[in-house]
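Okay, so here's the structure we're looking at.
There are 2 protein chains.
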Amino acid sequence: MGGDHGPAVTVAAAVSFANREPDSEFILVGLESVIHAELKKNRASNHPRMTVVNATEVITMDDPVEIALRKKKDSSMRVAVNQVKEGLAQVCVSAGNTGALMAVSRYVLKTMQGVDRPAICGLLPNQKNRPTYMLDLGANVDCEPLHLHQFAIMGSALVSAVEGNKSKPTIGLLNVGEEDIKGNDVVKKTAQLLRADHEKGLLNFYGNVEGNDIFKGTTDIIVCDGFVGNVTLKAAEGLGRFFKTTLTSEFKSNPLNLLGAIIARGALKAISGKMNPSNYNGGCLLGLRGLVFKSHGGADKYSYEWAIQRAFDAVKNDVLTRISTSMAELMPIEPAVEAPAVASMQTNEPIAQKTA
Amino acid sequence: MGGDHGPAVTVAAAVSFANREPDSEFILVGLESVIHAELKKNRASNHPRMTVVNATEVITMDDPVEIALRKKKDSSMRVAVNQVKEGLAQVCVSAGNTGALMAVSRYVLKTMQGVDRPAICGLLPNQKNRPTYMLDLGANVDCEPLHLHQFAIMGSALVSAVEGNKSKPTIGLLNVGEEDIKGNDVVKKTAQLLRADHEKGLLNFYGNVEGNDIFKGTTDIIVCDGFVGNVTLKAAEGLGRFFKTTLTSEFKSNPLNLLGAIIARGALKAISGKMNPSNYNGGCLLGLRGLVFKSHGGADKYSYEWAIQRAFDAVKNDVLTRISTSMAELMPIEPAVEAPAVASMQTNEPIAQKTA
């Protein structure tokens, strides 16, 4: 039900994907009547690999997280994530309210051991013709160094899982300059944590990277807080669209340019393919005990289908198991904090001492 | 002396600009011998509108601000900003260390009344074929709501000064979503301040904008902290370069594409002109009692010349006076804090009471 266009986009994309991918099965969750109407429009009323599950409520794009979590317990989002929890679905895809999706997923699925805050990890194209993995893209607008540190570990685990373990993926920390003295306190402290892990051989920390390094492909992974990540991602999408518009309008500006465009249509198609931000839609909610993918809210059918594709590939590649394994290796072994805490409770110490 | 390439770029760009702009005069500040050698290379040893002023020290790209301010008092940067302070130059252009340039400029020139922190304001292209003014682009990596509020006022003053006062320029606050509930505390509180000014008719606050709005041209001005601004700007530049590389390589990939490119070379030239990030080089240090422009550190000759162009235009348009006038109108009238403080000092109250 989510996103700017709701089932008009999501159902259409699901039908299109199901038709070209015989291994896929869909559970469409939301207002039954609306979904059936969309299925009918897409000539898929009796599609053998489409099930509809009713959910009576919808989380809107401006519902606060509290409403999503506490009031709308029969929302399409909640019911969809529940399908994953209960093992009925292997992955959930949503174009809905990011904050709500993260909160609901976290509540229903729980986080992996050692993860305080899940993050959204997405792909961006780069000049080396392979993706730059970037996280967080918008789940956490305020981050402490420990969160960014965990994002680096999760990103490293994801890329190792997806791209194979030939060598540890390189990690860049997004900053305003390459030099160690640059940036705010959060970034400087994060760099210290990452450097320490690098020296231990746990992570392959490259150092600070700048905005342009995203598209240079300087590192496999770029770590940043969700505010910066979200703004940068949307700026890149906006510039991509601007580029496309300019390309089209200039080539149509006179007959000579149009002729050139027709002759070089192969080149234009290739450029459009490489630069179309829709092809990079679909971020993975990383750090949860289940797979959830977030599509851009403004996605059209074509773009939403890419998010489904990414989710489908993650399941096929057994990304969840692989990440869990990598995470277990990478996560710092927790000092046995819980055990003494329990012990101290048994000794009936006064509360004041426990917090000390 | 600054930037990744030093005088090889800055002197060459100055000579090229001086040759095409007879109204311009240059004072080249730095290591005399190096500058004279570059002038010779550029056949401008006895250029009638070029003076060389010696400065024995150079601030490097990774010098901390303290070194720039306290140790290197004869740095090219410091001496150049002094030229503005003393009225010998109308504007200073530098490709050097951003933090140092801001600190030195602030120390030497002082801030305008009501400005706590100067900001860097730059231009980005948008689909409406006019620039989006964006600030801060990297001077302040940590900002409080009051700083972002001042950036909005300064941006509004600048755009009114440059574009004419037909109507109040629109201001967008960069955020992760349009909705009021989105973003971190700093952004939410800033929005409250801007909304209050909008209601008073002082500013034309549009509301939250997202990364893609930069290139859509949703508002005339976009306000953000220097961390987000710097990363976004550099990401946009990186993506711009990626476009250019892809465009070139695809059109050269086979004879047919190349033929099309030759026929449509007018379109390609126009696209390249619109999308080339070099054409948008040159940010204005806003909020100072003098004009200072910051070029990208990695600028080449062509790109640095754009920064000089921008600085030259600012002087021609008498931007400093205009901003000062607008600022005086827009800045909240300061409550008379200083007067009572002086009075209390005269009564010899104990220090403990003064801080209470």
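From first to last, the protein sequence lines are chains Z and R.
Following the working numbering, the numbering of the first sequence begins with 1 at its first residue and continues without gaps.
Following the working numbering, the numbering of the second sequence begins with 1 at its first residue and continues without gaps.
We put the CB at the ideal spot given by N, CA and C, even for glycine.
Quick caveat: nothing in here was measured; it's all calculated off a predicted structure.
Look up residue i in the DSSP assignment and give the residues it is bridged to.
| i | result |
| --- | --- |
| residue 57 of chain Z | Z/75 |
| residue 221 of chain Z | Z/133, Z/171 |
| residue 94 of chain Z | Z/294 |
| residue 207 of chain R | R/172 |
| residue 50 of chain R | R/26 |
| residue 120 of chain R | R/285 |
| residue 111 of chain R | R/288 |
Given a threshold of 16 other Cβ atoms within 10 Å of its Cβ, counted over all protein chains shown, does residue i qualify as buried or as exposed?
| i | result |
| --- | --- |
| residue 234 of chain Z | buried |
| residue 124 of chain R | buried |
| residue 192 of chain R | exposed |
| residue 48 of chain R | exposed |
| residue 197 of chain R | buried |
| residue 40 of chain R | exposed |
| residue 88 of chain Z | exposed |
| residue 130 of chain R | exposed |
| residue 97 of chain Z | buried |
| residue 113 of chain R | exposed |
| residue 273 of chain Z | exposed |
| residue 254 of chain Z | exposed |
| residue 287 of chain Z | buried |
| residue 262 of chain Z | exposed |
| residue 106 of chain R | buried |
| residue 75 of chain Z | buried |
| residue 22 of chain R | exposed |
| residue 2 of chain Z | buried |
| residue 146 of chain R | exposed |
| residue 317 of chain R | exposed |
| residue 18 of chain Z | buried |
Excluding five sequence neighbours on each side, which residues of the same chain lie with their C-beta closer than 6 Å to the C-beta of residue i?
| i | result |
| --- | --- |
| residue 296 of chain Z | 281 |
| residue 335 of chain Z | Residue confidence for residue 335 of chain Z is low, a pLDDT of 48 falling below 50, so the modelled location carries little weight; the figure read from the coordinates is stated next. Here the set comprises nothing. |
| residue 12 of chain Z | 42, 301 |
| residue 291 of chain Z | 91, 314, 320 |
| residue 84 of chain R | 92, 290 |
| residue 51 of chain Z | 27 |
| residue 224 of chain Z | 174 |
| residue 6 of chain R | none |
| residue 57 of chain Z | 72, 74, 75 |
Going along chain R in order, which residues have a C-beta closer than 8 Å to the C-beta of residue i?
| i | result |
| --- | --- |
| residue 192 of chain Z | In chain order: nothing, as chain R lies at least about 17 Å away. |
| residue 183 of chain Z | 141, 227 |
Quick one: which chain Z residues come within Cβ less than 7 Å of residue i?
| i | result |
| --- | --- |
| residue 263 of chain R | 256, 259, 260, 263 |
Tell me which residues share the same chain as residue i and place their Cβ nearer than 8 Å to its Cβ, disregarding the 5 neighbours each side in the sequence.
| i | result |
| --- | --- |
| residue 8 of chain Z | 38 |
| residue 278 of chain Z | 299, 300, 302, 303, 306 |
| residue 156 of chain R | 168, 169, 171, 203, 204, 221, 326, 330 |
| residue 209 of chain R | 172, 173, 174, 175, 178, 218, 219, 222 |
| residue 260 of chain Z | 251 |
What in chain Z is Cβ-close to residue i, meaning under 8 Å?
| i | result |
| --- | --- |
| residue 179 of chain R | 61, 62 |
Name the chain R residues that come within less than 7 Å of residue i, Cβ to Cβ?
| i | result |
| --- | --- |
| residue 127 of chain Z | 242, 245 |
| residue 174 of chain Z | 231 |
Counting only the same chain and skipping the five closest in sequence on each side, list residues whose C-beta sits under 7 Å from that of residue i.
| i | result |
| --- | --- |
| residue 144 of chain R | 186 |
| residue 100 of chain R | 59, 63, 65, 68, 77 |
| residue 79 of chain R | 29, 53, 55 |
| residue 190 of chain Z | 145, 148, 149, 173 |
| residue 162 of chain R | 317, 319 |
| residue 104 of chain Z | 68, 69, 77, 78, 81 |
| residue 194 of chain R | 149, 152, 171, 173, 203, 205 |
Using a beta-carbon distance cut-off of less than 8 Å, what residues from the segment 233–255 of chain R approach chain Z? 233, 234, 235, 236, 237, 238, 239, 240, 241, 242, 243, 245, 246, 247, 250, 251, 253, 254
Select from the segment 199–230 of chain R all residues with a C-beta closer than 8 Å to any C-beta belonging to chain Z, and list them in chain order. 210, 211, 212, 213, 214, 215, 216, 224, 226, 227, 228, 230
Below 8 Å between beta carbons is the criterion; list the residues of the segment 137–171 of chain Z that meet it against any residue of chain R, in chain order. 138, 141, 142
Select from the segment 265–292 of chain R all residues with a C-beta closer than 7 Å to any C-beta belonging to chain Z, and list them in chain order. 266, 267, 270, 271, 274, 275
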